[in-house]
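Each residue of the sequence shown is one higher than the last, beginning at 1 in full-length UniProt numbering.
Report on the following structure.
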Amino acid sequence: MRSLTVLGSCGAWPESGRACAGFLLEYDGFKVVLDLGYGALPQLLRHCPQGEVDAVVVTHQHPDHCVDVSALARVRYYGEAKPIPLHSPPGVVDILRALEPNPGPASIFAIHDLAATKDIGPFTVETVQLPHYVTNLGVRLTAPGVSVAYTGDSGPAPELQQLAQGTDLFIADATLQGPSPQSSPRYVMTATEAARGARGANRLLLTHFWPGSDRAVSVAEARQEFSGEVIAAEEGLTITL
Numbered sequence: 001m002r003s004l005t006v007l008g009s010c011g012a013w014p015e016s017g018r019a020c021a022g023f024l025l026e027y028d029g030f031k032v033v034l035d036l037g038y039g040a041l042p043q044l045l046r047h048c049p050q051g052e053v054d055a056v057v058v059t060h061q062h063p064d065h066c067v068d069v070s071a072l073a074r075v076r077y078y079g080e081a082k083p084i085p086l087h088s089p090p091g092v093v094d095i096l097r098a099l100e101p102n103p104g105p106a107s108i109f110a111i112h113d114l115a116a117t118k119d120i121g122p123f124t125v126e127t128v129q130l131p132h133y134v135t136n137l138g139v140r141l142t143a144p145g146v147s148v149a150y151t152g153d154s155g156p157a158p159e160l161q162q163l164a165q166g167t168d169l170f171i172a173d174a175t176l177q178g179p180s181p182q183s184s185p186r187y188v189m190t191a192t193e194a195a196r197g198a199r200g201a202n203r204l205l206l207t208h209f210w211p212g213s214d215r216a217v218s219v220a221e222a223r224q225e226f227s228g229e230v231i232a233a234e235e236g237l238t239i240t241l
C-alpha cells in the first residue's frame, strides 16, 4: 500500500472532533508519521493500534505539531517496543524531554537531526528551512514511484516551489483565507499563497486550517492559483499515491 492518511488538519488547537497536524505515510509496509500534534495520536492508533510505525518526522517544535509524540512515546514504552527513529530539529527533543524527563525521549526514540537526514527507510529525504517563528523544516520524501512534500508551518517563500516541484502530493500550510496580510515577516500562509507555492506539484493537500474556517472557501481560493487537484485535509482521509 502506498498512501497518505490525514491524522489531523487543524492549526493552533483542534476543533471538536478533529486533531492538529499529523499524517501517516505508508509505502509497501513502511510507515512514517509526519508531525503529531494535539489529538493526533488517537487518530494514529486507529491505523496502528500499538503505535507500530517505523519512523517519526517532526517539522518543528510547536505543540500543535509535536506534543502527541510524547503520548506515542508512552504507547511504545509501556508496550516494550524497540526504539524507532525520530527525525526533527533539536528544539523538538527539548520539548519532549520537558514533558517527560524520565524516561526521556532518548530511551524510546533513536534521535536524528532532520536537517542532516538523507534516508528514512525506502525514502530519500530533502529538507529546506522555511520561514516560521521557530526553526521549521519543509521535508520531501521520495521513493520509487512516489514523492511527497510537506511544508510544516511556513510563510510565503521562493523555496516552496523548489520543495513542490515534481511531487505527487504537496501538503501545504493554509492557515488563513482571503487577501494576504500586509504584515512582515510572514510565518503562515493563506490558501492562495499555498497554491502559488505548490506550482509544479501534481496535487495539493491544504492543511493547518484555522479552527472554525470554512474549508470549501480555502479550496476555492487555492483553485484560482493551482491547476492540479486541490484537496482539503480531513481527519481519516486516505489518499492513494
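Note that beta-carbon positions come from the ideal geometry of N, C-alpha and C, so glycine has one too.
For Y187, which of D214, G197 and Y133 has the nearest alpha-carbon? Here residue 187 is taken as the residue at index 187 of the sequence shown, counted from 1. Nearest to Y187 by alpha-carbon distance, out of D214, G197 and Y133, is Y133.
Would you mind working out which of L130, V125 and K31 sits nearest R140, comparing C-alpha positions? For the purposes of this step, residue 140 is taken as residue 140 along the sequence shown, with counting starting at 1. Taking only the C-alpha atoms, the option nearest R140 is V125.
Rounded straight-line distance, which links the Cα of D54 to that of G79: Looking up residue 79 in the sequence shown gives position 79. Looking up residue 54 in the sequence shown gives position 54. Between G79 and D54, the C-alpha separation is close to 15 Å.
Residues that DSSP places opposite D113 in a beta bridge: Here residue 113 corresponds to residue number 113 of the sequence shown, with the count starting at 1. Beta-bridge pairing links D113 to S88.
From A98 to G228, what does the alpha carbon distance come to, in whole angstroms? One-based indexing of the sequence shown puts residue 98 at position 98. One-based indexing of the sequence shown puts residue 228 at position 228. Approximately 42 Å between the Cα atoms of the pair.
Any idea what DSSP makes of R76, helix, strand or coil? In the sequence shown, residue 76 corresponds to position 76, counting from 1. In this structure, R76 counts as helix in the three-state DSSP scheme.
Sub-8 Å separation of A191 and E234 beta-carbons: Position 191 of the sequence shown, counting from 1, holds the residue named residue 191. Position 234 of the sequence shown, counting from 1, holds the residue named residue 234. No. Outside cutoff.
So does the stretch 23-33 actually touch the stretch 2-11, counting three or more Cβ pairs closer than 8 Å? yes
Can H65 and D94 be called in contact, C-beta distance under 8 Å? Taking the sequence shown and counting its residues from 1, one reaches residue 65 at position 65. Taking the sequence shown and counting its residues from 1, one reaches residue 94 at position 94. The answer is no: Cβ separation not under 8 Å.
Rounded distance between the beta-carbons of F109 and I84, thought under 8 Å: Along the sequence shown, read from residue 1 onward, the residue named residue 84 stands at position 84. Along the sequence shown, read from residue 1 onward, the residue named residue 109 stands at position 109. So it is a contact: roughly 6 Å between Cβ atoms.
So, with DSSP's three-state summary, where would you put I120? Position 120 of the sequence shown, counted from the start, is the residue given in the question as residue 120. Strand.
Which residues in the same chain have their Cβ closer than 8 Å to the Cβ of F209, if we skip the five residues on either side of it in sequence? For the purposes of this step, residue 209 is taken as residue 209 along the sequence shown, with counting starting at 1. Counting only Cβ-Cβ distances below 8 Å, and skipping sequence neighbours, we find S9, C10, G11, A174, T175, R215, S218, A232 and A233.
Looking only at its chain, what residues have a beta carbon closer than 6 Å to the beta carbon of K31, apart from the 5 residues adjacent to it on each side? Position 31 of the sequence shown holds residue 31. The answer, listed in chain order, is V53 and D54.
For T175, the three-state DSSP class (helix, strand or coil): Position 175 of the sequence shown, counted from the first residue, corresponds to residue 175. Residue state, collapsed to three classes: coil.
So the alpha helix (DSSP H) A216 belongs to, where does it begin and stop? Taking the sequence shown and counting its residues from 1, the one referred to as residue 216 is at position 216. Annotation for A216: the continuous alpha helix (DSSP H) segment containing it runs R215 to R223.
Which stretch, first to last residue, makes up the beta strand (DSSP E) that contains L25? Within the sequence shown, the letter at position 25 stands for residue 25. Segment G22 to Y27, the beta strand (DSSP E) holding L25.
Name, in chain order, the residues that DSSP records as bridge partners for K31. Position 31 of the sequence shown, counting from 1, holds the residue named residue 31. According to DSSP, which records beta bridges pairwise, K31 is partnered with E26.
Under the three-state DSSP convention, the category I95 falls into: Here the question's residue 95 lines up with position 95 in the sequence shown. Reduced to three states, the DSSP call for I95 is helix.
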